[in-house]
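Down below is the structure, laid out as structure tokens.
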Amino acid sequence: MKMLTKFESKSSRAKGVAFHPKRPWILVSLHSSTIQLWDYRMGTLIDRFEDHDGPVRGVDFHPTQPIFVSGGDDYTIKVWSLQTRKCLFTLSGHLDYVRTVFFHHDLPWIISCSDDQTIRIWNWQNRQEIACLTGHNHYVMCAQFHPNQDLIVSASLDQTVRVWDISGLRKKHSAPHGGLGARSYDDQFSRHQVPQQDIFGNTDAVVKYVLEGHDKGVNWASFHPTLPLIVSGGDDRNVKLWRMSESRAWEVDSCRGHTNNVPCVLFHPTEDLIISVGEDRTIRTWDLNKRTPVKQFKRENDRFWLIAAHPTMNLFATCHDSGVMVFKLDRERPASTAFQNNLFFVNNENQVQQYQYDKQQVSMPMLSLNKVCKPWTKVKSISYNPAEHSMLIQAGENENGVYSYIATPKEIVGALEASSRGEGEATAACFIARNRYVTFSKITHKLEVRDLKDTVTKVIELDPAVKDILYAGPGTILLMKPTSVIHYDVQQRKELAELQINNAKYASWSADGQFVALLSKHTITIANKKLESIISMHETIRVKSAAWDDSGVLIYSTLNHIKYALLNGDSGTIKTLENTLYITKVSGKSCYCLNRRGEVEVVPIDPTEYRFKKALVNKNFAEVMRIIQSSNLVGQNIIGYLQKTGYPEIALQFVQDPETRFELAIECNNLEIALVEAKKLNNPVIWESLGKEALLQGDFTIVELVYQQLHKLEKLSFMYLVTGNTDKLSKMEMIAESRGDFSSLFQNSLYLNSIEKRIQMFIDAELTPLAYATAKTNGLDDIAESILESSGLTEEDVKFPEIGAPNAVPQVKAEGNKTWPLEKASLSFFEQALSGNFESLSIAEQSEATSSSRAIVDDEVLFEDDEPLEDDEGWDLGDDDLDVGEDEELEDVEVEDANAVGSSELSIWARNSKCAAGYIAAGLFEPAAQMLHKQLGIVDFEPLRKRFMTVYQANKLSFTAVDGLPSLKTYIRHDPEEESDAKALPYIPGFESVESDLHEGFKLFKGNKLEEAIELFRQIVYTITTLVVHSKDDEEKCKEILSVCRDYILGLSIELQRRLLPASDVKRNLELAAYFTRAKLQPAHRVNALQVAMTQAFKNKNYASASVFASEFLAIMPSGPRADQANKIKSKSDSISTDAIEIDFDPYSEFDICCGTFTPIYKGSPKLTEALTGATYHASEKGTVCKITKITQVGAPASGLRILA
Amino acid sequence: MDPYSDSSELYHLRQQFYSSRYLDLIKLDLKKDIIFNNEDNLYESYKYQIRSYISINEFEKGLELLRSINDEIPEHYKIDFKGLEYYIGFISQEKGEDLEFESFINENLNNQFVNLLGGLYYIKLNNFEKSIEILKKSKKSFENLSVLIYVNLLNLNLKDTELNLKEFNKISQDDFLYTLTQSWFELTKFNNSLNQSYYYYDELTNNLETNSIKFLLNLFTSNLKLLRIPESQEVLNKLSEFKTDNPNQFDLKQWECDFIINKIAFNYLKLEKGSDFEVDNLVNELKTLDSNNDYLLDLKEKNDIFDNIVTKYTV
């Protein structure tokens, strides 16, 4: 049994608590006089009620009405409205503290009890006290109605528990049904019976039983919900169980264990458990049938005061010194496992049942697990092995955790007692293969791999932080740590991947095993199989379960919703749930869930929305079209989504509201629809918006309409002007004239070049000088004269500047109403498709951007020509002797099994390889050689023969399937987990050994086995030449090793040649000894070279050189016997400081050594470089085979080594 | 065939046959050691025994057994045994096309067992198309389906392999032969499938009834593919233990050849010194064992190609 805390609040001492029957609310009454209303699911304080004076000890929600009742130390009972959040009325009558208050389940009654030693019953409808029950002779600590009978149970500090019969009270206060004439015979009969009376003749409520047995005051007494049982708790620290019959009641047993007063005790609503709380800071559970303790939960500092049970759910609330806590006992998630069409699950009777998804049929129970689990432990997980038709059950927590490996009956004939083939202690267990399972204990941190005989085949000590394990594909599991999840290979004891995530508890793998959803309390993280996080989402409501639907969408449930999540992070709600469900599978429109009663529920869901979104995200437009045409996808949510994701044209299809339609039409540049909607709306803002869009698109018809609607005559005129519509411009002039709008008329006359009209306008506006000037400047002298005349002036009276030719506004060539697009607004794919124009559409073209895997599959088709070309059809492509280089496509390569229907592994390798080694492994030696020749200028391949064969043979395997028939071939990939053919590469041996080989070479050097060392360094060069590495770092490392090999081969070759010299050739001897010191050997090795050079120089009286070498020697090795000798040589040489033999060596200048002639190449001298190791040569060595590699040509054109995959 | 035939009277015999424990199977006196409730199963068992003789190249003994029961063979089994006789004749003489057998096969195309023999016959002749055509005629026969899957695998026809496996699964109810056939497919694959096959062979080799040289070799192959070196070595140890404990276990030449080929790869995987030398020895061993082995022919071909490369680029 496990206590799972769901909610905790901190406050002053909490004395009373009550659950709302439907909503996730609790009332908490505090010692401080406050009543709090909490939402325990969200963890929020909804309201506070403060009307009591002093501590409030009792609270209760009405089972159906939006009211609640409270009773406190102010002797009052208050009834509150949940709607107005106000106190409706106060019931007064008690003469001391009110201890508890409860509503009747059916009648409009409230029961209260008090330190005034009475129990009172109130009618909250007429606000009257209807009964006062006396009899207790000390404080009455608790009084409750029976859940379905006319009984009351009370507990008092007078050390008694009393059961009261209130049937008289019910009769008295119940209206007769259907009037007098309609009374039933029973009713009439009972009314004629003499009612039971107490000694005072009181018939309303009489004491039925007085239960004595507690040695001290009794604090609480509760009825059993269905059985004639009472449980009580008292200051004698005992919990007592009482039984009632019609005529008597007696004590059944006591549960002893609390070490302080027991203020409250009750029966578990559904299980045979008693739950008590104590001032000893414990909550204890007791077996109702055995009266033995089951489990206790302790709080450090808080005394418990009260416990209440939720009327319908497995939830309890307790009050303690520092607040309230809501918890449940044990998980309610039924253990289950799905395999193909079958779901195996554990029902609430602890039996395994099978459910067939296709038939939607549940079997009768097939196995009973009662004997497999320890008492009061729940089955946590089942793992199913289809090959063996067996199951692995794990039940219980911590020390109580056990696993059991059991066979599943072939035929289901009823709940057979499960017989275990193997069992033991474990907190988690699952199959990892058809013949292996693992068990894990978080107590010992051991992961044990077991075979089907339950024999441990391997024990792995895991990190203590691992709390749980979950199946993760054959041979692998997920290690669940508080801050991370690790993908772990059990066989190899290797961590494959790790994801940082807090408190993940459950995992749901997609059908193809490519994705995993990791669920923690409030977070869902979707990762790929390498545990690389793809999305992470937060949920305010607790996440309960998840499963992947057929199309690869994650469907998950929270406490009260079924939701979906797409891989791009889009999510939404599919359904609201009344009760929490655990999703096991989603197929089509059915969501198969398990409820907390251990039953399968098939919840119909509408997958349209998420499938639609998925299609849209994947740009699977064909599917989008199909959904649009075949379903009624509506709602603001989806419209908002479409708008947000840039698909307004699709949203347009789902909208009726003109305003939204108009906005969407504008957004997707659909003027036609926008105009229709604008006409409906006929609103200046809408017209304005339409006009703006139409102008942008150059649709002048609509712009004209809009300007007309908005009476924007100036703009209209200007538009007619720029479009050359002179007719309409004339009309505008006429309109202006008729409206007497001089300004407009003036403007139109300007646009139209109608001078006379303008002159007339000036005259009408009494602007005669302007009229005259206009006439004069435009050459209308007659009119000018007549104006002068009418003004009584002559030309001499007017001073007029000199004027040139008459001005005129240039006229636009008439364009009519033709649209003049300013902004290209082509129809989208959907607009065309939705308008029924499918002919010109190619969905295939649009859906190129579908998933990469599809693209890969389709590659060949995509690049295939419609018609095969016999030749180049006259094109001179200039490729007759084209040298394509290293990335050259390998044409017409005959790969083994080329006739095969499927791709052979070798052709896959050839296709995926970028390096020569990949081609070698694929058996394509010629292209590999070609590549090496071009990259490195290799001309002598013979030394590489062995390496070619090694690379080729190292990855070929063969096995017998059918005896006597040819063996099947199989291959070793670089990554055995790489399933995708598109990424498959061969296993190439060698990289792992180059470093150790290098050290082996050093050893040979130290051992003076110079020829062998050179040979080994050369083999390393050959290995690296035909290698594939998978990271830049490794590539760098290889290149570095190549340089080291080059320097050692060079250095050692120089030394070898020196040793071969005749004694007479002193000069060359000294030179070679000097050059040997210039090889870039490791310091520890270089001292040897320096020592040789120093000794030779000293011997041959080249003291100056000897001194230089001795100094360099001492810089590396300053002490020791060899250093002593060097010191001596140096001091002697320094005293003379001359060279007897002149050699070609300048110790102070930078130079390379020609690897062919072993002579210096000084700065500025022409030199050549070999492509593989970078060995340098005099230009004269061009065309020779490199002495270092023995395979490459000096100075050959080369693009460089490529070994990175 | 009874979908639950794995629990039938032939269960152990089939298991022995498909585990290649031919000597154990041959050892049985079918009339004394086993009581068959269904007489047909006796003749099915004889077929397994005769085929076991064929598998270990004891053709004469196979024929001998066939002749010894010839008179008692019920009418409805006559064609099956006749077919076996033809098959022995064909396979023992290694003479290539056997026209008489071919016409027998064509005359009995409605007989599942003859179809199986026909399928095997044409595979031997490298006529895979014809073999597939004949095997396809009996899609309800587990073994015919199994061999059909094998041919498709051999020809790298993975699509049909998967399709056939699905069909097989539908009728097989997790039959031993189905799982075994599936493991061949899985052994050619990677990741989860490869892991599945590893566990399957691990299971078979841990079971005294099914442990065999052949399965140990397949387990070795799966470990190599998974790049598991110590585990591969462990299997090699197990293999030599098995051979020591079961000295009378037959070691098919074909398995030995596969073993050598795989050991070559293993040598390279181990990265030990002197692997080249060891590989040379292994190649020589293979030459001694089967000089016409495809692997050797391939190596020769590759060496020839290499010779050309050397000549081509030499300056």
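Chains as they are written, first to last, in the UniProt record's numbering: chain W, 1 to 1205; chain L, 1 to 315.
Heads up, the beta-carbon is just placed ideally off N, CA and C, and yes, glycines get one too.
Computed from a prediction, not measured in an experiment: that's the story for all the values here.
*Quick one: is W/Val-402 buried, meaning 16 or more other Cβ sit within 10 Å of its Cβ, or exposed?*
When all chains shown are included, W/Val-402 counts as buried.
*What residues in the segment 947-960 of chain W have a beta carbon less than 8 angstroms from any beta carbon of chain L?*
Here the close residues are Phe-948, Met-949, Thr-950, Tyr-952, Gln-953, Ala-954, Asn-955, Lys-956, Leu-957, Ser-958, Phe-959, Thr-960.
*Closest Cβ-Cβ distance between W/Arg-661 and chain L: below 9 angstroms?*
For W/Arg-661, the answer is no, since every Cβ of chain L falls outside 9 angstroms of its Cβ.
*W/Asp-657 versus W/Val-676, W/Ser-749, W/Thr-1095, residue with shortest Cα-Cα distance*: Selection W/Val-676, W/Ser-749, W/Thr-1095 evaluated against W/Asp-657 yields W/Val-676 as nearest (Cα-Cα).
*Residue ranges of each alpha helix (DSSP H) run of no fewer than 4 residues wholly in the segment 643-702 of chain W, ordered along the chain?*
You should have 648-651, 658-667, 671-681, 684-697.
*asked:* Quick check on W/Ile-26: does DSSP put it in helix, strand or coil?
replied: In the three-state reduction of the DSSP assignment, W/Ile-26 falls in the strand class.
_In chain order, what are the residue ranges of uninterrupted alpha helix (DSSP H) at least 4 long that sit wholly in the segment 180-229 of chain L?_
Correct list: 191-206, 213-225.
_The beta strand (DSSP E) that contains W/Tyr-357, what's its start and end?_
Run containing W/Tyr-357: none; DSSP gives neither H nor E here.
*Name the DSSP beta bridge partners of W/Thr-337, please?*
Answer by DSSP bridge pairing, in chain order: W/Phe-344.
*Between L/Lys-124 and L/Asn-57, what straight-line distance do the alpha-carbon atoms span, to the nearest angstrom?*
Straight across, the Cα-Cα distance linking L/Lys-124 with L/Asn-57 is about 15 angstroms.
_Pairwise C-alpha distance: W/Asp-981 and W/Ser-840_ = In this predicted model, W/Ser-840 has a pLDDT of only 44, less than 50, meaning its place in the structure is not dependable; the value taken from the coordinates is given anyway. Computed Cα separation, rounded: 36 angstroms.
*Could you give the distance in angstroms between the alpha-carbon of L/Gly-119 and the alpha-carbon of L/Leu-180?*
Across the structure, L/Gly-119 and L/Leu-180 are spaced so that their CA atoms are roughly 19 angstroms apart.
*If I'm right that W/Gln-356 touches W/Asn-342 with Cβ under 8 angstroms, what's the distance once you round it to whole angstroms?*
Distance from W/Gln-356 to W/Asn-342 at the Cβ level is roughly 6 angstroms; contact confirmed, criterion being Cβ atoms closer than 8 angstroms.
_For W/Met-3: DSSP bridge partner residues_ = W/Met-3 is bridged to W/Leu-329.
*Indicate whether at least one CB of chain W lies closer than 9 angstroms to the CB of L/Ser-8.*
Not closer than 9 angstroms to any Cβ of chain W, the Cβ of L/Ser-8 fails to qualify, so no.
*Check distances from the C-beta atoms of the segment 445-475 of chain W to those of chain L and list, in chain order, the residues that come in under 8 angstroms.*
For the segment 445-475 of chain W, which is checked against every Cβ of chain L, the residues closer than 8 angstroms are Asp-451, Leu-452, Gly-473, Pro-474, Gly-475.
_Check for me: the beta strand (DSSP E) holding W/Val-59 runs from which residue to which?_
Start and end: 56-61.
*In terms of residue numbering, what span does the beta strand (DSSP E) encompassing residue 349 of chain L cover?*
With chain L represented from 1 up to 315, any question about residue 349 of chain L goes unanswered, as that position is not in the structure.
*asked:* Measuring only the C-alpha atoms, how far is W/Lys-1130 from W/Ala-1110?
replied: Using only the alpha carbons, I get a separation of about 6 angstroms.
*Length at least 3, wholly inside the segment 899-985 of chain W: the beta strand (DSSP E) runs in chain order*: When DSSP assignments are scanned along the segment 899-985 of chain W, the uninterrupted stretches of beta strand (DSSP E) that are 3 or more residues long and fall wholly within it turn out to be 956-959, 968-971.
*asked:* Quick check for students: name the residue ranges of the alpha helix (DSSP H) that lie wholly in the segment 94-126 of chain L, counting only runs of 4 or more.
replied: Entirely contained in the segment 94-126 of chain L, the alpha helix (DSSP H) runs reaching 4 residues are, in chain order, 99-107, 112-124.
*Any idea if L/Asn-164 is buried or exposed, counting beta-carbon neighbours within 10 angstroms, 16 or more meaning buried?*
L/Asn-164 comes out buried.
_Measuring only the C-alpha atoms, how far is W/Trp-25 from W/Asn-261?_
Cα atoms of W/Trp-25 and W/Asn-261: separation of roughly 29 angstroms, rounded to the nearest angstrom.
*asked:* Under 8 angstroms: do the segment 148-157 of chain L and the segment 923-935 of chain W share three or more Cβ pairs, one atom per stretch?
replied: Contact between the segment 148-157 of chain L and the segment 923-935 of chain W is absent, because fewer than three Cβ pairs lie under 8 angstroms.
*How long is the line joining the alpha carbons of L/Arg-14 and W/Ser-336, rounded to whole angstroms?*
Looking at the two C-alpha atoms, the distance is approximately 35 angstroms.
*Which residue comes first and which comes last in the alpha helix (DSSP H) that contains W/Val-1108?*
Judged by DSSP secondary structure, W/Val-1108 falls within the alpha helix (DSSP H) whose first and last residues are 1103-1116.
*Compare the C-beta of W/Gly-874 with all C-beta atoms of chain L and state if any pair is closer than 9 angstroms.*
Confidence in W/Gly-874 is poor, its pLDDT being 35 and thus under 50, which makes the residue's placement too unreliable to answer from.
_Closer than 9 angstroms to chain W by CB, L/Gln-196_ = By the rule that beta-carbons nearer than 9 angstroms mark a contact, L/Gln-196 touches chain W.
*Mind checking the segment 203-219 of chain L against chain W and listing, in chain order, the residues whose C-beta falls within less than 8 angstroms of any C-beta there?*
Correct list: Glu-203, Asn-206, Lys-214, Leu-217, Asn-218.
*Along chain W, in chain order, which residues have C-beta atoms closer than 8 angstroms to that of L/Tyr-313?*
Correct list: Ala-929, His-933, Ile-938, Val-939, Asp-940, Phe-941.
_Extent of the continuous beta strand (DSSP E) run through W/Leu-91_ = For W/Leu-91, the enclosing beta strand (DSSP E) begins and ends at 87-91.
*asked:* Taking 9 angstroms as the threshold (beta carbon to beta carbon), is L/Tyr-199 in contact with chain C?
replied: This model lacks chain C altogether; the protein chains it does include are W and L.
*I think W/Pro-966 touches L/Leu-154, with their Cβ atoms under 8 angstroms apart; what is that distance to the nearest whole Å?*
Contact flag correct, Cβ pair sits at about 6 angstroms.
_Partners in chain L for W/Phe-344, counting only beta-carbon separations shorter than 7 angstroms_ = Against chain L, the beta carbon of W/Phe-344 has no neighbour under 7 angstroms; the closest one sits roughly 16 angstroms away.
_I want to see whether chain W comes within less than 9 angstroms of L/Arg-228, judged by CB atoms only; does it?_
Yes, contact with chain W.
*What residues in the segment 113-132 of chain L have a beta carbon less than 8 angstroms from any beta carbon of chain W?*
Of all residues in the segment 113-132 of chain L, Leu-120, Ile-123, Lys-124 have a Cβ within less than 8 angstroms of some Cβ in chain W.
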